[in-house]
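S.K.: Residue numbers (this note's numbering), protein chains in the order written: chain A, 206 to 380; chain B, 134 to 293. For glycine and all other residues, C-beta sits at the position ideal for the given N, C-alpha and C.
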């Protein structure tokens, strides 16, 4: 499927969903914390959005790293969903009965992680995607390939984000 | 004092968070099958931008009319006027087309396109009839300025 702009069938998509399920869960959890969006709705809407994007704009040969592409699609969708963008259609009402999925997951007990969420959410959407990919231990080459940039450019962008985070952190730690 | 690298310390926290989040339940195959069953059919392809169509049609009609008028009546000034209308239509068509994106509402509706078409034609007519010398205008011979003015009146009358 990857590399030739082929629209996935339902069966292929289900396989792809399971491959990228940890990513969907992680982004859903990250975005529903501190927002009025339930985890259950976020998982449904991100999955539906991924399916719809794969139908309308299937990843073609220009997509060198499918995981990074999925990452970017899901992350931007989550940002639009939590911003309640009117042009962004939601579909979670189609699956009202999902007893296994929590509405609101347990709040993050670790204050450092909660602070991390807060800091990341203050970055621009593109910066958020890049920094979370970095935190997920993606290599510079992987991050560069999905953006058609050089590893040097990725390094520069990360350096800029780092400076921004230091500033944000310093601002909050001031009494 | 040198600030500690926040990214290095954040990475471990993030990976802890990731592991916790990955333990949460997700959709099962049955849920996904139900979702696909209930998803509405994909929306039909968006209609072509009507403003662009209106500009294109008016350009063709204007161009043909200008040619026929010149051929049948030998009236140069009115043909110039129609040619200017064609030119404005083409200009608008070129302006509208690049801004149109599938799935988005076209920025120019047919009525606003035709209105703009009229405004652009009028501006072009004004430029064309500007005197540049002894009674000469940019596009017309001496004396034909009055003819152009007459034809504008005729055109306005026709459009009303």
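Note down, in chain order, every chain A residue with its Cβ under 9 Å from the Cβ of residue 174(B).
M.R.: Residue mapping note: residue 174(B) aligns to position 41 of the second chain, counting from 1. Those within 9 Å of residue 174(B) in chain A number zero; the least Cβ separation is about 11 Å.
S.K.: Hey, does residue 248(B) have any beta-carbon neighbour from chain A nearer than 8 Å?
M.R.: Taking the second chain and counting its residues from 1, one reaches residue 248(B) at position 115. With 8 Å as the cut-off, residue 248(B) does not count as an interface residue toward chain A.
S.K.: For residue 287(A), which option in 307(A), 253(A), 233(A) and 273(A) has the closest C-alpha, if you only look at C-alpha atoms?
M.R.: As a first step, residue 287(A) is located in the first chain; it is residue number 82 there, counting from the start. Looking at the Cα atoms, 233(A) is the closest of the given residues.
S.K.: Can you name, in chain order, every residue of its own chain whose Cβ lies under 8 Å from the Cβ of residue 355(A), other than the five neighbours on each side?
M.R.: Within the first chain, numbered from 1, the residue matching residue 355(A) stands at position 150. Here the set comprises 349.
S.K.: Could you work out which residues of chain A lie near residue 251(B), taking near to mean beta carbons separated by less than 7 Å?
M.R.: Along the second chain, read from residue 1 onward, the residue named residue 251(B) stands at position 118. In chain order: nothing, as chain A lies at least about 32 Å away.
S.K.: Quick check on the DSSP output: the alpha helix (DSSP H) that includes residue 281(A) runs from which residue to which?
M.R.: Counting from 1 along the first chain, the entry for residue 281(A) is found at position 76. From DSSP, the alpha helix (DSSP H) with residue 281(A) extends over 271 to 287.
S.K.: By the three-class DSSP mapping on this structure, what secondary structure does residue 236(B) have?
M.R.: For this step, residue 236(B) is matched to residue 103 along the second chain. Because residue 236(B) carries a pLDDT of 45, less than 50, the predicted location of this residue cannot be relied on, and the following value inherits that uncertainty. Three-state DSSP puts residue 236(B) in coil, outside helix and strand.
S.K.: So with Cβ pairs under 8 Å, would you call residue 323(A) a contact of chain B?
M.R.: Within the first chain, numbered from 1, the residue matching residue 323(A) stands at position 118. By this cut-off, residue 323(A) is not an interface position.
S.K.: Where residue 321(A) and residue 158(B) are concerned, what is the direct C-alpha to C-alpha distance, given to the nearest angstrom?
M.R.: Within the first chain, the letter at position 116 stands for residue 321(A). Within the second chain, the letter at position 25 stands for residue 158(B). Rounded to whole angstroms, residue 321(A) to residue 158(B) spans 23 Å at the Cα level.
S.K.: Compare the C-beta of residue 220(B) against all C-beta atoms of chain A and say whether one is closer than 8 Å.
M.R.: As a position in the second chain, residue 220(B) is number 87, starting the count at 1. No - not a single Cβ of chain A is within 8 Å of the one on residue 220(B).
S.K.: From residue 197(B) to residue 327(A), what does the alpha carbon distance come to, in whole angstroms?
M.R.: For the purposes of this step, residue 197(B) is taken as the residue at position 64 of the second chain. For the purposes of this step, residue 327(A) is taken as the residue at position 122 of the first chain. Each residue's Cα considered, the two are about 59 Å apart.
S.K.: Below 7 Å between beta carbons is the criterion; list the residues of the segment 152 to 172 of chain B that meet it against any residue of chain D, in chain order.
M.R.: Protein chains A and B are contained in the structure displayed, whereas chain D is not.
S.K.: Using a Cβ-Cβ distance under 8 Å, would residue 334(A) count as near chain B?
M.R.: Along the first chain, read from residue 1 onward, the residue named residue 334(A) stands at position 129. By this cut-off, residue 334(A) is not an interface position.
S.K.: Return the residues of the segment 234 to 265 of chain A that lie within a Cβ-Cβ distance of less than 9 Å from chain B, sorted by chain order.
M.R.: Residues 234, 235, 244, 248, 249, 252, 253, 256, 257, 260 and 261.
S.K.: Using CA atoms only, rank isn't needed, just tell me which of 303(A), 295(A), 260(A) and 297(A) is closest to residue 163(B).
M.R.: To locate residue 163(B), count along the second chain from 1; it is residue 30. It is 303(A) whose Cα lies nearest to the Cα of residue 163(B).
S.K.: Answer yes or no: do residue 259(A) and residue 293(A) have a C-beta to C-beta separation smaller than 8 Å?
M.R.: Mapped onto the first chain, residue 259(A) falls at position 54. Mapped onto the first chain, residue 293(A) falls at position 88. No; because the gap between Cβ atoms is not below 8 Å, this pair is not in contact.
S.K.: In the DSSP assignment, the alpha helix (DSSP H) including residue 223(A) goes from what residue to what residue?
M.R.: As a working note, residue 223(A) is residue 18 in the first chain. Start and end: 215 to 237.
S.K.: Measuring alpha carbon to alpha carbon, tell me which residue in 224(A), 329(A) and 230(A) is nearest residue 150(B).
M.R.: In the second chain, the residue the question calls residue 150(B) occupies position 17. Out of 224(A), 329(A) and 230(A), 230(A) has the C-alpha closest to the C-alpha of residue 150(B).
S.K.: To which residues of the same chain is residue 199(A) closer than 8 Å at the C-beta, ignoring the five residues directly before and after it?
M.R.: The structure shown does not extend to residue 199(A), since chain A is modelled only from 206 to 380, so the question has no answer here.
S.K.: Take the Cβ of residue 148(B) as the centre, count every other Cβ of all protein chains shown within 10 Å, and call the residue buried at 16 or more, exposed below.
M.R.: Locating residue 148(B) in the second chain gives position 15, counting from the first residue. So residue 148(B) counts as exposed.
S.K.: Quick one: which chain B residues come within Cβ less than 7 Å of residue 211(A)?
M.R.: Position 6 of the first chain, counted from the start, is the residue given in the question as residue 211(A). Those within 7 Å of residue 211(A) in chain B number zero; the least Cβ separation is about 17 Å.
S.K.: In three-state DSSP terms, what is residue 190(B)?
M.R.: Walking along the second chain from the start, residue 190(B) turns up at place 57. Of the three classes helix, strand and coil, the one that applies to residue 190(B) here is helix, per DSSP.
S.K.: According to DSSP, is residue 174(B) helix, strand or coil?
M.R.: One-based indexing of the second chain puts residue 174(B) at position 41. Note: residue 174(B) maps to coil in three-state DSSP.
S.K.: For residue 367(A), which of helix, strand or coil comes out of DSSP?
M.R.: Counting from 1 along the first chain, the entry for residue 367(A) is found at position 162. In the structure shown, residue 367(A) sits in a helix (DSSP, three-state: H, G or I).
S.K.: Since residue 231(A) meets chain B, which of its residues come closer than 7 Å, beta carbon to beta carbon?
M.R.: In the first chain, residue 231(A) corresponds to position 26, counting from 1. The answer, in chain order, is 151, 154 and 155.
S.K.: On the criterion of 16 or more Cβ atoms from any shown chain inside 10 Å, does residue 156(B) qualify as buried, or is it exposed?
M.R.: Along the second chain, one-based indexing puts residue 156(B) at 23. It is exposed - the Cβ of residue 156(B) has fewer than 16 other Cβ atoms within 10 Å.
S.K.: What whole-angstrom Cβ distance do residue 248(A) and residue 220(B) have, given they're in contact under 8 Å?
M.R.: Mapped onto the first chain, residue 248(A) falls at position 43. Mapped onto the second chain, residue 220(B) falls at position 87. The pair is not a contact, with the Cβ atoms about 55 Å apart (cut-off 8 Å).
S.K.: Among 299(A), 308(A) and 345(A), which has the Cα closest to the Cα of residue 168(B)?
M.R.: Residue 168(B) sits at position 35 when you count from the first residue of the second chain. Among 299(A), 308(A) and 345(A), the Cα nearest to that of residue 168(B) is on 299(A).
S.K.: Residues of chain B with a CB under 7 Å from the CB of residue 305(A): which are they?
M.R.: For this step, residue 305(A) is matched to residue 100 along the first chain. Neighbours of residue 305(A) on chain B, chain order: 158.
S.K.: Do you know how far the Cα of residue 252(B) is from the Cα of residue 235(A)?
M.R.: Start at 1 with the first residue of the first chain, and residue 235(A) comes out as number 30. Start at 1 with the first residue of the second chain, and residue 252(B) comes out as number 119. So the alpha carbons of these two residues sit roughly 53 Å apart.
S.K.: Roughly how many angstroms separate the alpha carbons of residue 308(A) and residue 193(B), rounded to a whole number?
M.R.: On the first chain, residue 308(A) is found 103 positions in, with the first residue counted as 1. On the second chain, residue 193(B) is found 60 positions in, with the first residue counted as 1. Cα to Cα, the separation comes out at about 59 Å.
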